[in-house]
Amino acid sequence: MPEASIIDLILSADPALVQIVKLSLAVSLTAAACAALIGVPLGAVLALTRFPGRPAIVVVLNALMGLPPVVAGLTVYLLLSRSGPLGSFGLLFTPPAMIIVQTILVTPIVAALARQTIDDLWVEYRDELAAMNVGPLRRVATLVRDARLSLVTALLAGFGRAVAEVGAVMIVGGNIDGFTRTMTTAIALETSKGDLPLAMSLGLVLIAIVIVVNALAWSVRRIDERLAG
Amino acid sequence: MRDAVSDVPIRFADVGLRIRDVTILDDVSITLACAATTVLIGPNGSGKSTLLRLAMGLLQPTSGRITWGGRADVPPTRRALVFQRPTMLRRTVAANLRYALAAAGCPRGVRGERVADLLALVALRDLGERPARRLSGGEQQRLALARALAKEPDVLFLDEPTASLDPAATKAIEDLIRTIAAHGIKVVMATHDLGEARRLGTDIVLMHRGRIVEHAGTKEFFSAPRTAEARKFIAGELLV
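Chains A and B, in that order, give the protein sequences.
For the first sequence, position 26 (counting from the first letter as 1) is numbered 26 according to the working numbering, and the numbering increases by one without interruption.
Here the working numbering runs 1000 ahead of the position in the second sequence, where the first position is 1.
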């Protein structure tokens, strides 16, 4: 049986390949968006408030940046499995389960980096905003707005982790062909099956996507920097 | 919204500030009255900036009492402070002013017009769309002044507004300060520069080691200083 070459597979836009790429992007982008919605406000609160126990939360948050994906996967698996507390939703082995587990992995990254970024900018802005008599809500909005360039980098780091991660989506997604198969789980499977061209072409697509996303974000940064300084 | 009462006069009664056993300001009593430019002079660490921050309401005194127009605990809605190193927001020049106007509660509809007026006042009309952080030191200082004026303050505090500026930029700032004072805004400024104190001040406050050493009209202060410290300072000797 003649093996399809890597280039052919990519250029012919093999439907199975396209499906896998689409699902990967959908899951990881949604997870990154959810992580932004949770992580940026969380980071802002941690940057702008002082309360007992805050240092502990910051340390835990920083540590969670290194949370092993398989551990996150196992935890979500137990929660979502038929006999688990959230089993009745029937989410296990579906894309929403994969989004949940990746959100858990990405949120600490976004929150920890957002806290650092907003903290630094707050030190710079504190006196001026106090002198302008700016209230707490407008303060948060100002800091998030003016720190947006660095926050985009935090989101990219989060997206990068999500899209490259294999253990968690494998456990809660199940790598079901045409349903929960992502680029990383497909690469793992095809490699073990010995279909190295498909594994390799998926790997190239994955790298290309990460480069394109970063290039886009970089361009946005450049334009924004030129306009706002 | 704005009541008829002014924040001026600002009255310090036996005000002290102590942070962890270090006395930063000690037993300061002074009245900053209307329609005059008060200049604070004194060596580094004499308490000039601290006095401005207290008068602005950014710091709370650990002893004594500060009142604004006879009232205590008045939020800084009618006072403005330009810091020694003003922080430009990461926005364009015009956006910095729009922000200050919004924070001051200026209605959206008139902000555009007010931005144009303020830019014209500080001669930055052509730089409105420039990122504020790309401006030169003198331009940033002028933008900071315009931003402070956005809230139409009763009193404007300036912390060494011309430190580290060249003579041309210094002159532009000093002219602006005169214009502002001529509009009836009370100006209180700290400076190192005796010449500047003489040029702009109606009255001079000499500070040393957290205390007010002498407070007198400008002419009187320079021609007939009452204290040894003032004589030394005017003569250009080091006051340590």
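We treat Cβ as the ideally placed atom computed from N, Cα and C, and that holds for glycine.
query, result
"Expressed to the nearest angstrom, what Euclidean distance is found between the alpha-carbon atoms of leucine 216(A) and glycine 160(A)?", "14 Å"
"Determine, using beta carbons only, whether aspartate 120(A) comes closer than 9 Å to chain B.", "no"
"Closer than 7 Å, Cβ to Cβ, to anything on chain A: give me those residues from the stretch 1056-1070 of chain B, in chain order.", "Met1056 and Leu1058"
"Would you report the Cα separation of alanine 1235(B) and leucine 1194(B), rounded to the nearest angstrom?", "10 Å"
"Take the Cβ of proline 1075(B) as the centre, count every other Cβ of all protein chains shown within 10 Å, and call the residue buried at 16 or more, exposed below.", "exposed"
"Which of the residues in the stretch 106-137 of chain A, read from start to end, lie with their CB under 7 Å from any CB of chain B?", "Glu124, Tyr125, Asp127, Glu128, Ala130, Ala131, Met132, Asn133 and Val134"
"Closer than 9 Å, Cβ to Cβ, to anything on chain A: give me those residues from the stretch 1074-1085 of chain B, in chain order.", "Pro1075, Pro1076, Thr1077, Arg1079, Ala1080, Leu1081, Val1082 and Phe1083"
"By Cβ distance, which residues of its chain are closer than 8 Å to glycine 1123(B), with the 5 residues on each side in sequence left out?", "The residue you asked about is not glycine; residue 1123(B) is alanine in the sequence shown. Closer than 8 Å at Cβ, skipping near neighbours: Arg1142 and Ala1172."
"Closer than 9 Å, CB to CB, is lysine 1151(B) near chain A or not?", "yes"
"If the cut is a Cβ gap below 7 Å, which residues of chain A does leucine 1089(B) touch?", "Asp146"
"The stretch 1097-1119 of chain B: which residues have C-beta closer than 7 Å to a C-beta of chain A, in chain order?", "Ala1100 and Ala1103"
"At a Cβ threshold of 9 Å, is proline 49(A) touching chain B?", "Residue 49(A) is actually threonine in this sequence, not proline. No, no contact with chain B."
"Glycine 1064(B): which of Ile1030(B), Ala1116(B) and Arg1020(B) sits nearest, CA to CA?", "Ile1030(B)"
"Is valine 210(A) closer than 9 Å to alanine 141(A) when the C-beta atoms are compared?", "no"
"What number of angstroms, rounded off, separates the C-alpha of threonine 75(A) from the C-alpha of leucine 37(A)?", "22 Å"
"For valine 1205(B) versus glutamate 1229(B), is the C-beta spacing smaller than 9 Å?", "no"
"Could you work out which residue in Ser12(A), Val45(A) and Gly39(A) is closest to arginine 139(A) when comparing CA atoms only?", "Val45(A)"
"Should glutamine 1060(B) be labelled buried (16 or more other beta-carbon atoms within 10 Å of its own) or exposed?", "exposed"
"Nearest to leucine 151(A) by CA position, among Leu29(A), Val110(A) and Ile104(A), is which residue?", "Val110(A)"
"Using a beta-carbon distance below 9 Å, is alanine 1228(B) in contact with chain A?", "no"
"If you reduce the DSSP assignment to three classes, tell me which class proline 1009(B) lands in.", "coil"
"Counting only beta-carbon atoms, is threonine 142(A) nearer than 9 Å to chain B?", "yes"
"DSSP state of threonine 153(A), grouped into three classes?", "helix"
"Just to confirm before moving on: does the CB-CB distance between alanine 35(A) and leucine 121(A) stay below 9 Å?", "no"
"Put proline 1061(B) into one of helix, strand or coil per three-state DSSP.", "coil"
"Can you grab the Cα-Cα spacing for the pair methionine 1207(B) / proline 1131(B), in whole Å?", "38 Å"
"Any idea what DSSP makes of methionine 1001(B), helix, strand or coil?", "Low per-residue confidence applies at methionine 1001(B): pLDDT is 44, beneath 50, and the placement is therefore not dependable, though the value from the model is reported in the following sentence. Coil at methionine 1001(B), not helix or strand."
"Enumerate, from N- to C-terminal direction, the unbroken alpha helix (DSSP H) stretches of 4 or more residues contained entirely within the stretch 1099-1141 of chain B.", "1108-1121"
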